[in-house]
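Top to bottom, those sequences are chains A and B. Note that my numbering has the first sequence beginning at 644, numbered continuously upward. Note that my numbering has the second sequence beginning at 644, numbered continuously upward. The beta-carbon is built from N, C-alpha and C at its ideal position, and this holds for glycine as well. None of these values were measured; they are calculated from a predicted model. Below you'll find the structure, written out as structure tokens, and then a few comments.
There are 2 protein chains.
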Amino acid sequence: MSGCGKISNGVTINDGFFNRFRETLIREGIPYQWEALNDRLPADTEPSYCIRNFRIAAGKEEGSHGGFVFQDSDVYKWLEGVAFSLRWHPDPALEATADEAISIIAEAQQPDGYLDTYYIINGLEKRWTNLKDHHELYCAGHMIEAAVAYYMVTGKRRLLDVALRFVDHIDSVIGPEEGKLHGYPGHPVIEMALMRLYEVTKDPRHLHLAEYFVNERGQSPLFFEEEDRRTGNNFYWKNSPFRYQYYQAGKPVRAQKDAEGHSVRAMYLFSGMADVARETGDESLITACRNLWESTTKRRMYITGAVGSTEYGEAFSFDYDLPNDTIYGETCASIGLCFFARRMLMLEARGEYADVMERALYNGILSGMQLDGKRFFYVNPLEVVPEACEKDPHKRHVKPERQKWFGCACCPPNLIRMLASLEDYIATETADTLYIHLYIGGEIKSGDAVLTLTGNYPWDGKIQLEFRTERPICKTIALRIPGWCHSCTIMVNDMAATEKPRDGYVYIPRIWGDGDRIDLCLDMPVRMMRANPRIRKDAGLVTLCRGPIVYCLEEADNGGDLHLLHGLSLAHARVQWEPETLGGVMTLITEAERESRLGWDNLYDDCPAPASTPVQLRWIPYYAWANRSVGEMRVWIRQ
Amino acid sequence: MSGCGKISNGVTINDGFFNRFRETLIREGIPYQWEALNDRLPADTEPSYCIRNFRIAAGKEEGSHGGFVFQDSDVYKWLEGVAFSLRWHPDPALEATADEAISIIAEAQQPDGYLDTYYIINGLEKRWTNLKDHHELYCAGHMIEAAVAYYMVTGKRRLLDVALRFVDHIDSVIGPEEGKLHGYPGHPVIEMALMRLYEVTKDPRHLHLAEYFVNERGQSPLFFEEEDRRTGNNFYWKNSPFRYQYYQAGKPVRAQKDAEGHSVRAMYLFSGMADVARETGDESLITACRNLWESTTKRRMYITGAVGSTEYGEAFSFDYDLPNDTIYGETCASIGLCFFARRMLMLEARGEYADVMERALYNGILSGMQLDGKRFFYVNPLEVVPEACEKDPHKRHVKPERQKWFGCACCPPNLIRMLASLEDYIATETADTLYIHLYIGGEIKSGDAVLTLTGNYPWDGKIQLEFRTERPICKTIALRIPGWCHSCTIMVNDMAATEKPRDGYVYIPRIWGDGDRIDLCLDMPVRMMRANPRIRKDAGLVTLCRGPIVYCLEEADNGGDLHLLHGLSLAHARVQWEPETLGGVMTLITEAERESRLGWDNLYDDCPAPASTPVQLRWIPYYAWANRSVGEMRVWIRQ
């Protein structure tokens, strides 16, 4: 099986659904986060310290380092997001701000290329003594990703040069050679960053360093164990069930069969592994990626594309353990799942990868941001009772409303870079085939031809693709048929196509001329969903999906005590476009029953089943929950 | 409304159900725990240090203090249990061992009466500087309880004198007078202990000190806050939702409307409050007791009589928050609930108090001990999946099998003293009425008359009471009609009694002669139980009870994946006496359905409801779970 080729770099988006989110990003998200990074948000907001740390490191300001050891990464992620946004929304003022940020970053770089404000401020003699927990390589990774993106979009090399010097420094300190540290990052990301850098530089040292980080990880004797012994660093996860697997470093990556430990780290590592595997063709690494994909998406993923079942270690737990109310489901982890899915897709043309990418994108990722772009979820639960968030200490990580900022602010800029780079998730191209993975409206260039995609996805399954080309082109168009779609029709210039889907794609080979048109109609009924019976916490429960959208019930529409709802019926289900609700959403109206609470005095009784009365339920898309008032929310209800 | 009088002190037990547990106590439990207290259990067991600490404090051995600050209480609780056991099972060798323990304890007492090995060993200058967390008053309370029990049973004063001297010392250090600490214990128990002491001594100082501890608690300015300020002690619960209510000290006891904080402390405090209220007749305190009873038993109690919904703080959480799998449900808390219930009963003759006492006793207390008397549960869950206990860090407090001993070994000796003193829970007597609360077989003396109770409770609802008396006695016999019983008949000398139950008791006034007989027949069908719809985690679930016994399903009988069971029917339910199973239990055989796991590859699907096949379920009494093999267990299943 072959991959889906390279990311099409001639994609522009013009999409009824995503335009709104992306305009919010430009109008609110990016400027708001720049204010946050500069500590200019109101005083009741968690401070960032991020830019201030760089100014201190550059000798432009006095003070001590603020925030976490990985604080630098926030501005890198913001810069990467800005770079992507400039690709589709040129903005000289924003670019000037970004250049200003880059300038401060560059001034903080040390003569030997080193750049991490935590150690520059607190003492360089301590650098590289805690690869396990001190995130220098993590920050370097995000710097590289920002540098590559900024260079690719603006052509400006300043940050790229900073990154290249830092990579040279890293390469001189870490690696297989004697006298170097035989280490790797406690928090992966540099693996995929180096692979992106390699795409630009084609410098084999960049590929080899990425490979080294992937292959050395978890080898015996364990670097982290030796590092702790040498430096006296603390091993926080000593008594945890996952121990070094918290870092996905408990065993070599090819021996890892399950997605374990910190879920964001896992997703970033697996993405880097897939990048290296694609470049090197290493079959054992491809197999490892497939195993970890299976574990993640077939046994340890929520219906929303959330991953990470437990707050303890922000981690995966065990197969089919998917509690809805104590979930971690970090926004960054779903973003990471999207990274991983796209990379698996580039390894193998299988629709299941794009299905998961779409699931995470339209549900567990979008839910991370308030519709106004100014508040964020770290944790994305599938069941919330506000009283429990307040009073049950084991649910205090679950918030019933989005927060303005976080001490650990990984998610907000991750949302920026994800949404600003959506172009890169829509289509890929091999020599002879153009793959369409996501039905986001806009234009896709292929050679000299332009394919225009229009429709009203995800609210409607009818999608039109039209060619504009000066001369006919010979190309197979591979259209993804989503896993959720049980019936579809494809018309090519009003003639029914006869091709059948293969591994999730319908391949239409043809010489396409100007004005040629494909009409894809994905049947998009309301679907009553059930969970795999191995998922204990979903036993006997159902929920609704339509197209890629997972729905939920909110107290605002359905009253409290959502656990009393049952007997969901699709008999008279209605799909209702509500332009004024939550920025415009398709709501679902269904019938169900609500159990009565009346007549109960005791806690337990052998009375008959409680009476129920018919109720009409109003379902909203999961991603839009918690945008009106604080209240209960549930994805799953009793059948 | 008046109370049920005093505990009948002429009760002897001869009961098919409890004899076995109590013989195990004599044969195994008491000697085993003595070995534990002396650190003579196998090396893989948690050490106790308890007796060793006393020997060091008495100058008979060198060394440092081992274990927790409250380690002393373990031997006091053991001694109390031994005292109760000697009442019904005289054992000179055991009494000699107890005397030996008492001798070591007495030798450790300081000239001024102080006695707590932690401070004697670590430095007396620090004593009374951490009433909040250092348990000196808690240990004193258990010493008093042991001393009173040992004195009452054996007539020996040595431990009583030690206790009296210690109380004199406490009275000289703590109290309302200027120059004394205006404090109270972080862990209650001394309140009810002093009330028991007062029963023996009638020394008003003992009553007043108990009253003081109850009334001063939570008053402003808060003693614990001032103590922390003065001494620099740590306040562990500063950022918890309950703060000082962890200690039930966040407000004065009369202002406390909810059972909050550490559940064992709550139960012990409420018991002490009820003791003081009964003695003083203080209406505001009686009202406070009633409020806390309502909160505990009408909104925060499990069907097994377990209390304490969360491991965090071993605490109550909030109304109707009763998760079955992350529960704390400490054995000691159910024992404390039994204490509280009995004291409420002595305040007011209402069957609901005895109902809760019975519920806790036959379920959540007995479950704490293995049938062989040598292993113990601290936490008593209603739903267990062994894999989750191992791999979900938020369930690591839940064990799928009982443990040999604990670093904090409060539960095992608490079980001894509870079961060894069962006589005191069966009957109470006022001037004219003899109340029968629990149908445990044996004899109850009332004046010169003896009432013999026989039957096969809890397996059978037929109970016979027969008088032996030389001369007729005029007495109202008040028979409790359990809340679970919807239909019963009472025959007095084969004539149907016409009295109707009033607040849970049928009162039969009569002049009783020798050979007079009451036949009580409590209808005892299998009951399908539902939980109050406000309990979110039990929505849509059912379980079975019969008489006072709560049933559960184990993997050993029903296979794993118990969450797939549903469709419980009582249509062909069978009740089956199995003498060879679990020491002899009545099992229940019912029909239900088991959902198939077949055909699932994905995690989520819009497939039809999964197929189910009929299965026969075998239910065992909850108290007997985890006595065969490690496996799944569930009390509640889908309806």
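query	result
For the region 1178 to 1210 of chain B, enumerate the residues whose C-beta is nearer than 8 angstroms to any C-beta of chain A, in chain order.	Ile1178, Arg1179, Ala1182, Gly1183, Cys1188, Asp1204, His1206, Leu1207, His1209
Tell me the start and end of each unbroken alpha helix (DSSP H) in the region 1021 to 1066 of chain B that is at least 4 residues and wholly inside, in chain order.	1029 to 1034, 1054 to 1063
Under 8 angstroms, do Leu1207 of chain A and Ala1182 of chain B count as touching if we go by C-beta distance?	yes
DSSP puts Val999 of chain B in a beta bridge; with which residues?	Answer is none; Val999 of chain B lacks a bridge partner.
The beta strand (DSSP E) with Gln1259 of chain B in it runs from where to where?	1255 to 1264
Taking only beta-carbon atoms, is Gln1282 of chain B less than 8 angstroms away from chain E?	Of the protein chains in the structure, A and B, none is chain E.
Closer than 9 angstroms between beta carbons: that is the criterion. Which residues of the region 1248 to 1278 of chain A meet it against chain B?	Asp1248, Asp1249, Cys1250, Pro1251, Ala1252, Pro1253
For Met916 of chain B, go through chain A and note every residue whose CB falls closer than 7 angstroms to its CB, in chain order.	Near Met916 of chain B there are no residues of chain A at all, since even the closest Cβ is about 22 angstroms away, more than 7 angstroms.
For the beta strand (DSSP E) containing Pro1152 of chain B, list its first residue and its last residue.	1148 to 1155
Could you pull out every unbroken alpha helix (DSSP H) segment of at least 4 residues lying fully inside the region 821 to 870 of chain A, listed in chain order?	833 to 844, 847 to 859
At a CB distance below 7 angstroms, what residues from the region 951 to 985 of chain B approach chain A? Give them in sequence order.	Thr953, Tyr955, Ser960, Phe961, Asp964, Thr969
Tell whether a beta-carbon distance below 8 angstroms holds between Ile1232 of chain B and Gln1259 of chain B.	yes
Under 8 angstroms, Cβ to Cβ, is there at least one residue of chain A near Asn592 of chain B?	Chain B is shown from 644 up to 1282; residue 592 of chain B falls before or after that span and cannot be answered.
Taking the DSSP output, what are the residues bridged to Lys1088 of chain A?	A:Val1093
Less than 8 angstroms separating the beta-carbons of Met1302 of chain A and Cys1188 of chain A?	There is no way to answer for residue 1302 of chain A, as the model of chain A reaches only from 644 to 1282.
Give me, in chain order, the residues of the same chain whose beta-carbon lies closer than 6 angstroms to that of Val1165 of chain B; leave out the 5 immediate sequence neighbours on both sides.	The sequence given here has Leu at residue 1165 of chain B, not Val. Closer than 6 angstroms at Cβ, skipping near neighbours: Gly1104, Cys1128, Cys1131.
Does any C-beta atom of chain B lie closer than 8 angstroms to the C-beta of Ile946 of chain A?	yes
Residue range of the beta strand (DSSP E) that Gly915 of chain B falls in?	Run containing Gly915 of chain B: none in the beta strand (DSSP E); it sits in the alpha helix (DSSP H), 906 to 923.
Below 9 angstroms on C-beta distance, what does Ala1031 of chain B contact in chain A?	Ser960, Phe961, Asp964, Arg1179
Assuming Met795 of chain A is part of the alpha helix (DSSP H), what are its boundary residues?	779 to 797
I need the DSSP call for Ile813 of chain A, collapsed to helix, strand or coil.	helix
Rounding to the nearest angstrom, what Cα-Cα distance links Gly904 of chain B and Ile1008 of chain B in this structure?	20 angstroms
Using a Cβ cut-off of 7 angstroms, which residues of the region 810 to 833 of chain A contact any Cβ in chain B, in chain order?	none
How should Trp643 of chain B be labelled, buried or exposed, when 16 other C-beta atoms within 10 angstroms of its C-beta is the threshold for buried?	The shown model of chain B, from 644 to 1282, leaves out residue 643 of chain B, and the question about it has no answer.
So which residues of chain A does Met1172 of chain B contact, with C-beta pairs closer than 8 angstroms?	Tyr1247, Asp1248, Asp1249
Candidates B:Trp1243, B:Asn876, B:Phe867, B:Ile656: which alpha carbon is nearest His825 of chain B's?	B:Phe867
Given that Glu1238 of chain A touches chain B, what residues does it touch there, using C-beta distances under 9 angstroms?	Pro1176, Ala1182, Gly1183
Could you confirm whether any beta carbon from chain B is found closer than 8 angstroms to the beta carbon of Trp1243 of chain A?	yes
Taking 8 angstroms as the threshold (C-beta atoms), are Arg839 of chain A and Glu779 of chain A in contact?	no
Quick check on this structure: which residue in B:Leu803, B:Tyr793, B:Arg860, B:Thr688 has the alpha carbon closest to the alpha carbon of Arg1060 of chain B?	B:Tyr793
What is the DSSP secondary structure of Val1193 of chain B, reduced to helix, strand or coil?	strand
What would DSSP say about Tyr955 of chain A, mapped onto helix, strand or coil?	helix
Would you please state the rounded distance, in angstroms, between the beta carbons of Ala1267 of chain B and Leu1014 of chain B? I believe it to be under 8 angstroms.	7 angstroms
Tell me which residues of the region 1035 to 1047 of chain B have at least one Cβ-Cβ distance to chain A shorter than 9 angstroms, keeping chain order.	Asp1035, Pro1036, His1037, Arg1039
Rounded to a whole number of angstroms, what is the C-alpha to C-alpha distance between Asp846 of chain B and Ser728 of chain B?	27 angstroms
Kindly indicate which three-state DSSP category Tyr1068 of chain A falls into: helix, strand or coil?	helix
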